[in-house]
Every structure is written in structure tokens, then in C-alpha cells.
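Number of protein chains: 2
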Amino acid sequence: MRKNTLSSLIWLRMARFTHQSNLLSNEFLKQFGITAAQFDVLNQVSIYQPITQSQLAVKATVSEGGISRMLTRLEQEGYIQRKQDWKTKWISLTAKGENKMEEAFEHQLAFQTSIVNECLTKEEQKTLYTLMTKLQKNTELKIKSSRT
Amino acid sequence: MRKNTLSSLIWLRMARFTHQSNLLSNEFLKQFGITAAQFDVLNQVSIYQPITQSQLAVKATVSEGGISRMLTRLEQEGYIQRKQDWKTKWISLTAKGENKMEEAFEHQLAFQTSIVNECLTKEEQKTLYTLMTKLQKNTELKIKSSRT
DNA sequence: CCTTATCAATTTACTAGTCAAGTGACAGCG
DNA sequence: CGCTGTCACTTGACTAGTAAATTGATAAGG
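Those protein sequence lines, which keep their order, are chains U and X.
Taken in order, the first sequence gives residues 1 to 148; the numbers are from UniProt numbering.
Taken in order, the second sequence gives residues 1 to 148; the numbers are from UniProt numbering.
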């Protein structure tokens with residue numbers, strides 16, 4: 001039997017947790033008629049609007065092609081609008097999109113919070129956040145340098 | 001501006017890290033001609049073989065439909081074989097699959113390990129693993145109970 | 001025997017993502 | 001005035017996943 005390192009076990013736990021919590025989020029958000037990925041993008045738009053597609057792709061850590069497809073879906077649903085200006089398209093929420101976020105944001109936040117609160121103390125959460133930030137900032141750098 | 005909780009920030013960091021490290025893994029594994037998802041499944045098969053598809057779906061935290069497609073791809077590539085026995089199909093690695101894992105396993109492990117080692121001390125890694133395990137075990141339970 | 005239930009696996013229709021090639025509009029140079 | 005480059009975005013071909021309906025083989029009852 002092959003031997004694993006502590007690091008690889010951490011990777012596995014993280015991948016499993018992320019995948020599973022995504023399933024739970026999707027199930028939870030079904031009542032609002034949106035998916036976890038859509039919530040994520042709508043949330044980024046609501047924070048940074050108006051924002052260009054390429055900037056939004058960076059914020060959502062998704063490729064330009066990916067954000068293009070996602071926005072097509074969200075536009076069809078009437079949650080966002082794209083305003084062409086020169087070669088750039090500026091993205092913002094429609095009234096319907098604002099309402100949807102108004103409706104869903106707090107519930108989704110409470111949902112995520114309750115899952116974490118159930119098994120970690122405040123102190124543990126702080127520690128986890130610090131460690132995750134270190135890790136994620138590091139991979140972010142690697143991603144950027146690999147795209148040069 | 002909407003206020004986030006510590007928990008939701010943890011979720012976001014985790015989602016971003018997982019996504020980005022998946023991109024890096026895919027890039028790294030390109031030299032072996034497999035993807036990170038394929039590596040994951042091949043690894044589970046190598047540990048538990050012979051294993052049925054539904055058991056494998058649980059190990060890889062993927063739906064039955066998902067594992068069916070994935071195995072079709074891996075079978076086409078010649079990495080695994082399915083032996084029909086009654087209504088069950090038993091999955092195991094072919095010689096080619098064994099060789100591929102022999103070739104890729106240690107490198108992938110070293111790759112994952114180096115990324116974590118770069119930014120966290122051994123002590124921090126232990127802490128992170130403990131916290132992640134608590135979290136993941138909890139969502140695992142929730143997933144199971146939601147499927148009843 | 002024939003029907004029905006069961007259960008693993010598959011298929012269908014979908015979202016979500018990747019990379020890489022293609023489009024379209026403008027900018028600037030000769 | 002036209003060619004060429006650039007830049008934002010889109011599209012095509014793909015992997016990877018989901019939920020839900022379907023298939024196919026076997027066991028069990030009437």
C-alpha cells in the first residue's frame with residue numbers, strides 16, 4: 001500500500017469538503033431558483049458593479065470563456081445586464097438581480113455559517129481562516145506566474 | 001455593503017484554493033496524460049480494487065452517473081477494466097493502469113506536498129488537517145442524511 | 001410460468017468549467 | 001485610406017459533474 005503525506009491528506013479532505021458543501025449549497029439555494037456558482041457570480045457583481053467581464057473572471061477565479069457562458073445564462077434569467085461600451089461590456093445587476101440577492105444573501109450566509117459553527121469554535125475558525133489564507137494566496141501567485 | 005461572517009470567508013477561501021489547486025494539478029499531470037479527476041479515481045481503484053461502481057462512487061464522492069461516465073473514459077484509455085458478475089461490475093486496474101499510477105503517484109504526491117510545505121509548518125499542517133477533518137466529517141453526515 | 005419488485009449501471013438533459021481558435025471594433029502607422 | 005495589431009468577448013470541442021428516467025438481469029410470489 002502506498003504511503004500518503006499529511007499534505008496530500010489535507011488536499012483530499014479539502015476537495016471532498018468543497019465538493020460536498022457545494023452539493024449542500026445547491027440543494028439549499030434551490031428554493032431561490034439559483035445555483036451556488038450563480039450565487040457566487042451574482043455576489044461578486046453586486047460588490048463590484050459596474051465591472052467588466054475580464055475583471056469579473058478574476059474575482060470569480062474562472063476563465064474568460066467560463067464567465068462569458070455564465071453571464072449568458074444569468075442574462076437570460078434577467079439577473080444581470082451587459083452594457084456595451086467600446087469593446088468592453090460593463091456588467092451590473094438588474095432590479096430582478098438586486099432583489100434576488102437581497103432575498104438570498106442572508107440565508108445563504110446563515111446556512112454556511114451554521115455548518116461551520118456546528119463543528120468549530122470561534123478560535124478554531126480564526127485559525128482555519130489564517131491557514132487557508134496563507135495557502136490560497138500562495139496558489140494564487142502560482143496561478144498568475146503560470147499564465148505568463 | 002453587505003457584511004460577511006468569518007465562516008463565509010472560510011468557505012470562499014476554500015473554494016478558491018480547491019479550484020486553483022485543481023488547475024495546477026491538471027497542468028502538472030498533463031505530463032502523464034491524465035487529469036486530476038482521473039488521478040483521483042485511479043488512486044481509489046488502486047487502493048480498493050476490486051470494487052463495484054457504486055462503492056467507488058462513494059469513495060470518490062461522485063454520483064453514480066458521474067462514475068459511470070468517468071469509467072467509460074478510463075476504460076477507453078485502457079487504464080481500468082470492468083468485470084460483469086451478476087448485476088454488479090467489478091472495477092480493477094489493468095497493467096497499463098498500474099504502470100500509470102506507479103509512474104504518476106509519487107510525483108503528484110510530491111507536487112501536492114511541496115505546495116503545502118511552502119507556506120505551512122508541520123505544526124500548522126497538523127492543525128489544519130484536524131480542523132478540516134472535523135468539517136468534512138460533518139458535511140459527510142449531512143450529505144448522507146439528505147439522501148434519505 | 002408470468003408478473004412484479006429490486007437494484008446496479010446507464011443514459012438523457014442539463015450546469016459549469018477548461019483551452020484555444022475565432023470575431024469584431026477600434027487605434028495607429030505607412 | 002487601407003493594413004495590421006490589439007483587445008474584449010465569444011465559440012467550439014472537450015472533461016466533469018448533477019438529478020432523474022431508463023435499461024436489463026435476477027429473485028420472489030401468485
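Where is the CB? At the ideal position from N, CA and C, for every residue including glycine.
Treat the numbers as computed from the prediction; the structure is a model and nothing was measured.
Beta-carbon separation (whole angstroms), residue i vs residue j, contact threshold 8 Å
| i | j | result |
| --- | --- | --- |
| Thr-52/X | Lys-89/X | 7 Å |
| Ser-21/U | Thr-139/X | 5 Å |
| Leu-6/U | Leu-131/X | Actually they are not in contact, since the Cβ atoms of Leu-6/U and Leu-131/X sit about 13 Å apart, beyond 8 Å. |
| Phe-32/X | Lys-100/X | 7 Å |
| Asn-4/U | Leu-109/X | 7 Å |
| Ala-60/U | Thr-18/X | The pair is not a contact, with the Cβ atoms about 14 Å apart (cut-off 8 Å). |
| Tyr-129/X | Arg-2/U | So it is not a contact: roughly 18 Å between Cβ atoms. |
Which of helix, strand or coil DSSP assigns to residue i
| i | result |
| --- | --- |
| Thr-88/U | strand |
Chain U residues whose Cβ lies nearer than 7 Å to that of residue i
| i | result |
| --- | --- |
| His-19/X | Thr-61 |
| Glu-117/X | For the sequence presented, residue 117/X should be read as Asn rather than Glu. Ser-7, listed in chain order. |
| Arg-69/X | Per Cβ cutoff of 7 Å: no residues; Arg-69/X is ~16 Å from chain U at best. |
| Thr-139/X | Phe-17, Gln-20, Ser-21, Leu-24 and Ile-115 |
| Gln-112/X | Ser-7, Ser-8 and Trp-11 |
Selected residue, minimal CA-CA separation from residue i, among the options
| i | options | result |
| --- | --- | --- |
| Asp-40/X | Leu-71/X, Lys-126/X and Leu-12/X | Leu-71/X |
| Thr-94/X | Ala-37/X, Met-14/X, His-107/X and Glu-75/X | Glu-75/X |
| residue 150/X | Gln-31/U, Leu-135/U and Ile-143/U | No answer is possible for residue 150/X: it lies beyond the span of chain X, which begins at 1 and ends at 148. |
| Leu-141/X | Val-58/X, Lys-3/X and Met-14/X | Val-58/X |
| Ser-145/U | Val-45/X, Ile-91/X, Glu-103/X and Glu-27/X | Glu-27/X |
| Thr-35/U | Phe-105/U, Glu-118/U and Glu-124/U | Phe-105/U |
| Ile-91/U | Ala-37/U, Ser-46/U, Glu-102/U and Ser-25/U | Ser-46/U |
| Gln-49/X | Tyr-129/X, Tyr-79/X and Gly-65/X | Tyr-79/X |
| Leu-23/U | Ile-143/U, Asn-117/U, Gln-112/U and Glu-103/U | Gln-112/U |
| Gln-38/U | Trp-86/U, Val-62/U and Ser-54/U | Val-62/U |
| residue 149/X | Ser-54/X, Ser-8/X and Asn-43/X | Here chain X has residues from 1 to 148 only, and residue 149/X is not among them. |
| Lys-96/X | Ser-114/X, Lys-87/X and Gln-81/X | Gln-81/X |
| Lys-137/U | Lys-137/X, Gln-55/X and Glu-118/X | Glu-118/X |
| Ser-8/U | Ser-8/X, Glu-77/X, Arg-73/X and Val-116/X | Val-116/X |
| Gln-98/X | Glu-77/X, Gly-65/X and Lys-87/X | The amino acid occupying residue 98/X in the given sequence is Glu; Gln does not appear at that position. That would be Glu-77/X, whose Cα lies nearest to the Cα of Glu-98/X. |
Per-residue contacts from residue i into chain X (C-beta, under 8 Å)
| i | result |
| --- | --- |
| Asn-26/U | The contacting residues do not exist; Asn-26/U stays about 11 Å from chain X at best. |
| Tyr-129/U | Leu-6, Leu-9, Ile-10 and Arg-13 |
Closer than 9 Å at the beta carbon, the chain X residues around residue i
| i | result |
| --- | --- |
| Gln-53/U | By Cβ distance, chain X contributes nothing, its closest Cβ being about 18 Å from Gln-53/U, past 9 Å. |
| Phe-105/U | Arg-2 |
Cross-chain neighbours of residue i in chain X, by beta carbon under 7 Å
| i | result |
| --- | --- |
| Leu-23/U | Ile-143 |
Contact list for residue i against chain U, beta-carbon separation under 8 Å
| i | result |
| --- | --- |
| Thr-133/X | Arg-13 |
| Lys-126/X | Leu-6 |
| Leu-120/X | Leu-131, Lys-134 and Leu-135 |
Per-residue contacts from residue i into chain U (C-beta, under 9 Å)
| i | result |
| --- | --- |
| Leu-109/X | Arg-2, Lys-3, Asn-4, Thr-5, Ser-7 and Ser-8 |
| Ser-146/X | Leu-23, Leu-24 and Glu-27 |
The ligand NAP heavy atom lying under 8 Å from the CB of residue i
| i | result |
| --- | --- |
| Thr-127/U | Absence of the ligand NAP from the depicted structure is noted, as is the absence of any ligand whatsoever, leaving it without description. |
Complete runs of the alpha helix (DSSP H) confined to the UniProt domain "HTH marR-type" (1-137) of chain U [at least 4 residues]: 6-29, 36-48, 53-59, 64-76 and 95-119
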